[in-house]
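Novice: Mind looking over this structure? Questions follow.
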Amino acid sequence: MAELDLDSADGRREALRRMVTIRAFDQEAGNRFADGEIPGFVHLYIGEEAVGVGTCASLESDDYIASTHRGHGHCIAKGLDPKYMMAELYGKAEGYCNGKGGSMHIADVDAGMLGANGIVGAGPPLATGAALSIDYQDRDQVAVGFLGDGAVAQGQVHEAINLASTWDLPAIFVVENNHYGEGTPVEKQHNLDNLSDTAQAYDIPGVTVDGMDITAVAEAVAEARERARAGDGPTMVEAQTYRYRGHYEGDEEPYRDDEEVERWRDQDPIESFKDRLIERGELTQEEFDDLRAEIEASIDDAVEYAQETDAPEPSAAYEDMFVEQPPELERFANVARTDGGANGGDHR
Amino acid sequence: MTAQAELEQETETMTVREAIRQGLREELERDEDVYLIGEDVGVFGGVLEVTGGLYEEFGEERVRDTPISEAGFMGAATGAAATGTRPVVELMFSDFMGVSMEQIMNQMAKMHYMFGGKAELPVTVRTTEGGGMGAASQHSGTVHTWIAHFPGLKAVAPGTAASAKGLTKAAIRSNDPVFVFENKMIYEQSGEVPTDEDYTVPIGEAAVEREGEDVTVVATQRLVGESLGVADSLEGDVSVEVIDPRSLYPLDTDTIVESVEKTGRLVVADESPLSYGTHAEIATRVQEEAFFSLDAPIQRVGTPDTHMPFSPPLEQEVLPGDDDVRAAIERIA
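Chains as they are written, first to last, in the numbering used here: chain A, 9 to 356; chain B, 330 to 662.
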């Protein structure tokens, strides 16, 4: 039983809800970043919602995903709670990573979310590893490695897919081709029309689908999952999509013009899916407006929670380096503090 | 703990290579979630024959040959460790660390911390280090300082057969990423090894391999045996205490400091390059805690900031050995 059944009205409604949640979350994350409330930097997923939600719709809840630097959408698609995600973006103790990860490293391993990742192309080897654990212990799961079009040029991505293919591991590689690797268009990065053609090198299926269409993504991933579970190895799914915002918030986007952005906005994944549900008679515009308002209110609550919940104690910086903590952590923590400590010795 | 105390149990004589293999075999038997992966670890038995016979004994699922793909399998091992299994990676030569460094430094080392402690990474990486066999610069490096330096990773480096087995087993049982640095020149060195299947060497505990009064030699890997030989040859003139830290990170500072407080003199012998390294860390900790116990400047024995050259006379020129340890002791004793 997949996470969401897009053949049922309830499943479709939930898929719509998750896409709208991603957009509302990231819009608010962008606003709060602009206001200086969120430290570091954030990479927004707006425009790409159908890829994350379409992929996770076809997974089981205990399947794994390894994400990218643009990971908020994957988290929400996988069912993580925006409240603790926002707390993580704010660097708060109650965030998913107790404030140690932030936007680029949100993870919830228990929920099968193996982390957003600050290194382009680093997720696929981790997904191959999760698939290795699954295969080794004969578990009924799969692992998805998300990567962008830019990451397809990374050597470790090739190594990860080659390993997964050679060992017939239950992995799926979802290439989110948003047409830009940071500020460089895909044509300047690859000598291929379809990035999924790289799959031929590993003798695995590679398909290119419309990443603005949630059902197209979900169907491709469902097929890939079935294949993986049958022991036939990995599949590469390239989803053609687009990010409406810059590479990061604050990106001045000298590499593209408004006209191009508008062309993609005309195929908006949320609007088009919503229109289809209205055509089918299972949703009205009014219901959709209510749904969006309700979601936006819940994101406002998440922001409020993130603003108000406690920051971590500074001493937490020394925790969680290891499962079994070496004495060095305490030794040098004492050096950092003004009251001296072990490192000061008896001779100061 | 003294090495002697550890050996007050049933032992048998074996080489370092056999001791590591026995440690691997016992852990494979003990825990089904443990498996070996690496280049030629299976049918071939490992390029330096450490895993020989294990493929036949445990099969291809548990002794798994990989493509020549260090970044790929280092990353896969990290992902696998985060999701419920306990991979033991063989990185054929430590010089290949660079090829896989991204997955080591940005994923393996950081995941536990970045995720607020919510991912455990029980992964072991075994690799070979050191010059002495004419393998030239890209197969003879000593890079354990990189790993010991990098937060989030533990590093151990056995100098005896017993610790080779005990550290290997402790690394595999650890729920943290642990690197085991095996010096390739001591695989044939024999020693007494405890036979108890639960014998492990706790990570972070040094061993006093020889007690002495005048000079402390902290030596690692191949230089442990060479320092013991020097100490024996100086008996009657200089009383030398030899400590094998065994674990480089965490480092058993207390055992070393206690020794220096007794002897007042310290030589640090480690094959890594001298600048910014393992020697410096040990020397610094000693001066932090035992500055006024020191009667002479701390001496370092290591590779003089060169790569390992190919030609035997060149390699012998830069490879630290017993004559260097002896000279260092004689400079201060």
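In this text, a Cβ means the ideal position worked out from N, Cα and C, and glycines have one as well.
1. Mind listing the chain B neighbours of residue 136 (chain A)? Cutoff is C-beta to C-beta under 8 Å, in chain order.
2. Given that residue 447 (chain B) touches chain A, what residues does it touch there, using C-beta distances under 9 Å?
3. Does the beta carbon of residue 46 (chain A) come closer than 9 Å to any beta carbon on chain B?
4. Give a yes or no on whether the C-beta atoms belonging to residue 511 (chain B) and residue 342 (chain B) are separated by under 9 Å.
5. Just checking: is the beta-carbon of residue 23 (chain A) within a distance shorter than 9 Å of some beta-carbon in chain B?
6. Does the segment 118-133 of chain A come into contact with the segment 72-87 of chain A, if we say contact requires no fewer than three beta-carbon pairs (one atom in each stretch) closer than 8 Å?
7. Name the residue from A:256, A:145, A:48, A:54 whose alpha carbon lies nearest to the alpha carbon of residue 32 (chain A).
8. Suppose you measure from the CA of residue 409 (chain B) to the CA of residue 415 (chain B); what does that come to, to the nearest Å?
9. Less than 9 Å separating the beta-carbons of residue 119 (chain A) and residue 242 (chain A)?
10. Would you mind stating whether residue 216 (chain A) and residue 160 (chain A) have Cβ atoms separated by less than 9 Å?
11. Closer than 7 Å, Cβ to Cβ, to anything on chain B: give me those residues from the segment 291-303 of chain A, in chain order.
12. I believe residue 107 (chain A) touches residue 101 (chain A) by the beta-carbon criterion, under 8 Å. Please report the beta-carbon distance rounded to the nearest angstrom.
13. For the segment 586-602 of chain B and the segment 631-645 of chain B, state whether three or more C-beta atom pairs, one from each stretch, are separated by less than 8 Å.
14. For the candidate residues B:647, B:367, B:622, B:370, whose alpha-carbon lies nearest to that of residue 591 (chain B)?
15. Going residue by residue through the segment 169-256 of chain A, where are the continuous alpha helix (DSSP H) segments of at least 4 residues, counting only ones entirely within it?
16. Taking the beta carbon of residue 439 (chain B) as the centre, do at least 16 other beta carbons fall within 10 Å, making it buried, or is it exposed?
17. Of all the CB atoms in chain B, is at least one closer than 9 Å to the CB of residue 174 (chain A)?
18. Determine the direct distance from the alpha carbon of residue 117 (chain A) to that of residue 20 (chain A), and round the result to whole angstroms.
19. Can you tell me which residues form a DSSP beta bridge with residue 602 (chain B)?
20. Indicate the three-state DSSP secondary structure (helix, strand or coil) for residue 106 (chain A) in the structure shown.
21. If contact is defined by three or more beta carbon pairs under 8 Å, each pair taking one atom from either stretch, is the segment 537-551 of chain B in contact with the segment 355-372 of chain B?
22. Does any residue of chain A have a CB that is nearer than 9 Å to the CB of residue 483 (chain B)?
23. Could you tell me the distance, in whole angstroms, from the CA atom of residue 557 (chain B) to the CA atom of residue 348 (chain B)?
24. Label residue 471 (chain B) either buried or exposed according to how many other C-beta atoms from any shown protein chain fall within 10 Å of its C-beta, with 16 as the threshold for buried.
25. Quick check on residue 447 (chain B): buried or exposed, where buried means 16 or more other Cβ atoms within 10 Å of its Cβ?
26. Got a sec, what are the start and stop residues for the alpha helix (DSSP H) residue 440 (chain B) sits in?
27. Are the CB atoms of residue 530 (chain B) and residue 579 (chain B) within a distance shorter than 9 Å?
28. Report the rounded CA-to-CA distance for residue 348 (chain A) versus residue 342 (chain A), giving the unit in angstroms.
29. Hey, would you say residue 320 (chain A) sits closer than 9 Å to residue 99 (chain A), going by beta carbons?
30. Quick check on this structure: which residue in A:326, A:176, A:287, A:281 has the alpha carbon closest to the alpha carbon of residue 232 (chain A)?
31. Check whether chain A comes within 9 Å of residue 395 (chain B), counting only Cβ atoms and requiring the distance to be less than that.
32. Return the bridge partner residues of residue 585 (chain B) from the DSSP annotation.
33. Please compile the residues from chain A whose C-beta is within a distance smaller than 7 Å of the C-beta of residue 436 (chain B).
34. Cβ closer than 8 Å: which chain A residues qualify as neighbours of residue 505 (chain B)?
35. Determine the chain C residues that contact residue 465 (chain B) at a beta-carbon separation under 7 Å, and present them in chain order.
36. If the cut-off is 7 Å on Cβ atoms, which residues from the segment 410-433 of chain B count as contacting chain A, listed in chain order?
Specialist: With the structure as the only source:
1. 401, 404, 405, 408
2. 104, 105, 106, 115, 116, 117, 118, 328
3. Residue 46 (chain A) does not count as touching chain B.
4. no
5. no
6. yes
7. A:54
8. Straight-line measurement puts the Cα of residue 415 (chain B) at about 7 Å from the Cα of residue 409 (chain B).
9. no
10. no
11. Closer than 7 Å at the C-beta level to chain B, one finds no residue of the segment 291-303 of chain A.
12. 6 Å
13. yes
14. B:622
15. Counting only runs of 4+ residues, the alpha helix (DSSP H) found wholly inside the segment 169-256 of chain A occupies 222-237, in chain order.
16. buried
17. yes
18. One C-alpha to the other measures close to 26 Å.
19. BP columns for residue 602 (chain B) point to B:632.
20. coil
21. no
22. Yes, residue 483 (chain B) lies at the interface with chain A (some Cβ there is under 9 Å from its Cβ).
23. 20 Å
24. Of the residues assessed, residue 471 (chain B) falls on the buried side of the cut-off, its CB having 16 or more other CB atoms within 10 angstroms.
25. It counts as buried.
26. It spans 440-443 - the alpha helix (DSSP H) in which residue 440 (chain B) sits, taken as one unbroken run.
27. Remark: C-beta atoms of residue 579 (chain B) and residue 530 (chain B) do not approach each other more closely than 9 Å.
28. Because the pLDDT of residue 348 (chain A) is 48, which lies under 50, any placement of that residue in the model is unreliable, and the number read from its coordinates should be weighed accordingly. Taking C-alpha positions only, residue 348 (chain A) is separated from residue 342 (chain A) by approximately 6 Å.
29. yes
30. Considering only alpha carbons, the answer is A:176.
31. yes
32. For residue 585 (chain B), which the question treats as bridged, DSSP gives no partner whatsoever.
33. 130, 134
34. 330, 331, 332
35. In the structure shown, chain C cannot be found, because the protein chains are A and B.
36. Correct list: 411, 412, 413, 414, 431, 432.
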